[in-house]
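Asks:
Residue numbers (my numbering): 790 to 1559.
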């Protein structure tokens, strides 16, 4: 990924919007002094948050805004491009009455500085690495020690990051070991539980198997019952077939009986016609007998009808009918005998018939005359009967018409009742709808209030988030400023403590924990005030590079290490072997002119290293200048604040000298500690603000979800209200239709009642006529 272009607007010397394209490879921007070349580098650092404002040659962020008219905002955008996509990073700073605001954007989305750094870290650009070489950096690098340059190379190569990750991974590994031990205990418990569950599973499987066997046996039992029932059904079907055959036979028998009955009826009619010609007492007897026989025949006919209707019955009914048929056969045989007797009587009657024919002729003449009168009366009767039938038909039609009208009225009354019930139901529905409408309107009013409150709270949270982000931006800038200052102090401390190559190799091995038992150099174990540093450095001399170890074995191990790597020679002081140097410090000398103190009293160290510093400094006296020092030359070792040294032997060394800084400055150490504490405090405040920011962002998301949910409910209630209002309007229209329909039905009912009254009058008149 590379920078495709840089867009600047109102940034430093760029008063209008300027776009600077950059291409793959090496790009050179040239121009006279003051043309804005350095401002382009500053814009990159500003946009990506890679440097503090002081390194951008500005005291405050607002100093980066162009001094032109009405310029209250500066903006820098950097477009990164790779093979797949383009990413745009933008930073804006805006001047306000209360101060300023600073914003970061990633592809147009508002983000914080840490998210920008995460994005850059994915592509190998780290905020604390050497990404941009500023003015003076090259000179500073040339003056660094090899170890310091090595550290820069490690940072650039990303090796230091892996060292940090290694330490972090080791710590996480220890946590994993503890978790594994816990999990092993849990696993033991789980295995025990699994064994219990396996036993329960086996019992459950056995129970399931028994249940399945039970269900199977039930099915076998049902199959057996089904088979028995099927055999019974087949047997009953065979019996039914037998009864059907019997029924067919009986039907045929009844047909035969009907044939015989018809035969006897025809015979009876013949006999009746013969007997009707007889007129004496015998005729009456025969007539009575014939009537009896006809009655019996009629009874037989009725029995025949009963047999025809009851033929469907099976079993006992068929048997009863057969018995009854047998009885009828006996009666028919008796009738046959009586008919034979009548045949005999017929012969005697025929003789009398001839005698009566003459009388019959006379009777026929009279009957003919009577027939003419009867015919006339019959014609008149037929006319009257036709008239009566017509009137009855008319009455029936009128009654049917009245019944139809009554049925119509009944139907209309039902429809009116239904309309009234529907109207009542519609009115009740309207009341229910009005109640619901009032409830929904109340809920909507409540929702409006709640929505306003939620939006108000969301705006308050937005303001809090905005304020917290501004505070975070200020704190992050302050932290970066403190870190830069701390880095300078550390660089100064590391610069002043320059050791020989063998000493640096041993100290490096100690830092890698390759050589245990090493405390450090004599210079690292003591602190002095700045004004005494030069005197004590001269007094101690090269002994400041002596390496203090715990014991002889530790010294031997370090010496062997130097031999193996051909690293040179170093001097070691075994702490446990060094003897307590008997040094007498004459306090009376301290009252002499120019005497400051004994050197050992001017250095601060841990008491366990007291013998080391007594061995090196012994009874050396520190005085203010060489003039006062020469007054005290009497078998004494004296050093001046300017670095002049007088040995016991009288040997004097001095002249121009430069403080090497081998002894650590107390003020510098104190400043380093103070800044470190400030950074820790600022980071704690930053973490508190981040937690507050996350809380407010979570709260805003929750409020937004509640607002959206409430808005959805609001719209849902709105839709429901619209539906209810529409339904109410439909019901009101239905009620109007019900009223119109009911009025129409009432009018129709009145007309029909009037027509019924007319028809009742007509029916009464017809009844009177009939």
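Cβ coordinates follow ideal geometry from the N, Cα and C atoms, glycine included.
Using 8 Å as the threshold, is the C-beta distance between residue 1338 and residue 1332 below it?
Replies: No. Outside cutoff.
Asks: For residue 794, I'd like the list of residues in its chain whose CB is within less than 7 Å of its CB, leaving aside the five on either flank, ordered along the chain.
Replies: Cβ neighbours of residue 794 beyond the five flanking positions: 808, 809, 810, 811 and 868.
Asks: Check whether the Cβ atoms of residue 1205 and residue 1531 lie closer than 8 Å to each other.
Replies: The answer is yes: Cβ separation under 8 Å.
Asks: Using the DSSP secondary-structure output, state which residues sit across from residue 796 in a beta bridge.
Replies: DSSP, once it has assigned bridges, lists 808 and 866 as partnering residue 796.
Asks: With 16 other CB atoms within 10 Å as the buried threshold, where does residue 1550 fall?
Replies: It is exposed - the Cβ of residue 1550 has fewer than 16 other Cβ atoms within 10 Å.
Asks: Exposed or buried, which one is residue 1432 when buried takes at least 16 other CB atoms within 10 Å?
Replies: Its Cβ being crowded by 16 or more others within 10 Å, residue 1432 is buried.
Asks: When DSSP labels each residue in this structure, what does residue 1110 get in the three-state scheme?
Replies: Here the model assigns residue 1110 a pLDDT of 47, short of 50, so the residue's position is not dependable and the matter cannot be decided.
Asks: Quick one: give me the first and last residue of the beta strand (DSSP E) that residue 899 is part of.
Replies: That run of the beta strand (DSSP E) goes 898–900.
Asks: Could you give the DSSP three-state label for residue 1517: helix, strand or coil?
Replies: In the structure shown, residue 1517 sits in a helix (DSSP, three-state: H, G or I).
Asks: Specify the secondary structure class of residue 1409 as computed by DSSP and reduced to three states.
Replies: Three-state DSSP puts residue 1409 in coil, outside helix and strand.
Asks: Classify residue 853 as buried or exposed, calling it buried when 16 or more other Cβ atoms lie within 10 Å of its own Cβ.
Replies: Under this definition residue 853 is a buried residue.
Asks: Roughly how many angstroms lie between the CA atoms of residue 1239 and residue 1230, to the nearest whole one?
Replies: Each residue's alpha carbon lies about 14 Å from the other.
Asks: Note down the Cα distance separating residue 1117 from residue 1031, rounded to an integer number of angstroms.
Replies: Caution is warranted here: a pLDDT of 46 is assigned to residue 1117, below 50, making its placement in the model unreliable, and no coordinate value can be reported.
Asks: Is it right to say residue 1373 is buried, meaning 16 or more other beta carbons lie within 10 angstroms of its own, or is it exposed?
Replies: With fewer than 16 other Cβ atoms within 10 Å, it is exposed.
Asks: Which of the three DSSP states is assigned to residue 1363 in this structure?
Replies: Correct three-state label for residue 1363: strand.
Asks: State the Cα-Cα distance for the pair residue 1441 and residue 929, rounded to the nearest angstrom.
Replies: Spanning the two alpha carbons is a distance of roughly 37 Å.
Asks: Give the C-beta separation of residue 1364 and residue 1389 to the nearest angstrom, bearing in mind that I take them to be a contact with Cβ-Cβ under 8 Å.
Replies: Incorrect: roughly 17 Å between the Cβ atoms, too far for contact.
Asks: Near residue 1356, what residues of its chain come up, given a Cβ to Cβ distance below 7 Å and the 5 sequence neighbours on each side ignored?
Replies: Closer than 7 Å at Cβ, skipping near neighbours: 1290, 1291 and 1294.
Asks: Just how far apart, CA to CA, sit residue 1179 and residue 1194?
Replies: Their backbone Cα atoms lie some 22 Å apart in a straight line.
Asks: Taking its Cβ as the centre, do 16 or more other Cβ atoms sit within 10 Å of residue 1324, making it buried, or is it exposed?
Replies: So residue 1324 counts as buried.
Asks: Relative to the alpha-carbon of residue 1484, which residue among 1346, 1358, 1463 and 1253 has its alpha-carbon at the smallest distance?
Replies: Considering only alpha carbons, the answer is 1253.
Asks: Quick one: what does DSSP say residue 815 is sitting in, helix, strand or coil?
Replies: Coil, per DSSP.
Asks: What would DSSP say about residue 894, mapped onto helix, strand or coil?
Replies: It is a strand residue.
Asks: Does any residue of chain C have a CB that is nearer than 8 Å to the CB of residue 1397?
Replies: In summary, chain C is missing from the structure at hand, where a single protein chain is found.
Asks: Would you call the CB atoms of residue 1386 and residue 1411 closer than 8 Å?
Replies: Yes. Within cutoff.
Asks: Does the region 1307–1324 come within contact of the region 1414–1433, defined as at least 3 CB pairs closer than 8 Å?
Replies: Yes: at least three Cβ pairs fall under 8 Å.
Asks: Taking residue 1330 as the reference, which of 1409, 1380 and 1264 has the closest Cα?
Replies: The shortest Cα separation from residue 1330 among 1409, 1380 and 1264 belongs to 1409.
Asks: Looking only at its own chain, which residues have a Cβ that is under 6 Å from the Cβ of residue 1521, when we skip the five neighbours before and after it?
Replies: Closer than 6 Å at the Cβ level, and outside the excluded window around residue 1521, lies no residue.
Asks: Just verifying my parser: in three-state terms, what is the DSSP assignment at residue 1433?
Replies: Coil.
Asks: Taking the alpha carbon of residue 1419 as the reference point, which residue from 1445, 1382 and 1392 has its own alpha carbon closest?
Replies: Taking only the C-alpha atoms, the option nearest residue 1419 is 1382.
Asks: Using the Cβ count rule (16 or more neighbours within 10 Å means buried), how would you classify residue 1401?
Replies: Buried, by the Cβ-count rule.
Asks: If you check the beta carbons only, do residue 1538 and residue 1201 fall under 8 Å apart?
Replies: Their beta carbons are under 8 Å apart, which means residue 1538 touches residue 1201 by this criterion.
Asks: Threshold first: 4 residues or longer. Then list the alpha helix (DSSP H) segments lying entirely within the region 1322–1385, N to C.
Replies: Taking only runs of at least 4 residues, the alpha helix (DSSP H) segments lying wholly in the region 1322–1385 are 1322–1329 and 1341–1354.
Asks: Go through its chain and collect everything with a Cβ distance to residue 1543's Cβ below 7 Å, but skip five positions before and after it.
Replies: Taken in chain order, the list of residues that qualify is empty.
Asks: Give a yes or no on contact between the region 855–868 and the region 794–804, applying the rule of three or more CB pairs nearer than 8 Å.
Replies: Touching, yes.
Asks: Comparing alpha-carbon positions, which option in 1470, 827, 1444 and 814 lies nearest residue 1414?
Replies: Here the closest residue by C-alpha is 1444.
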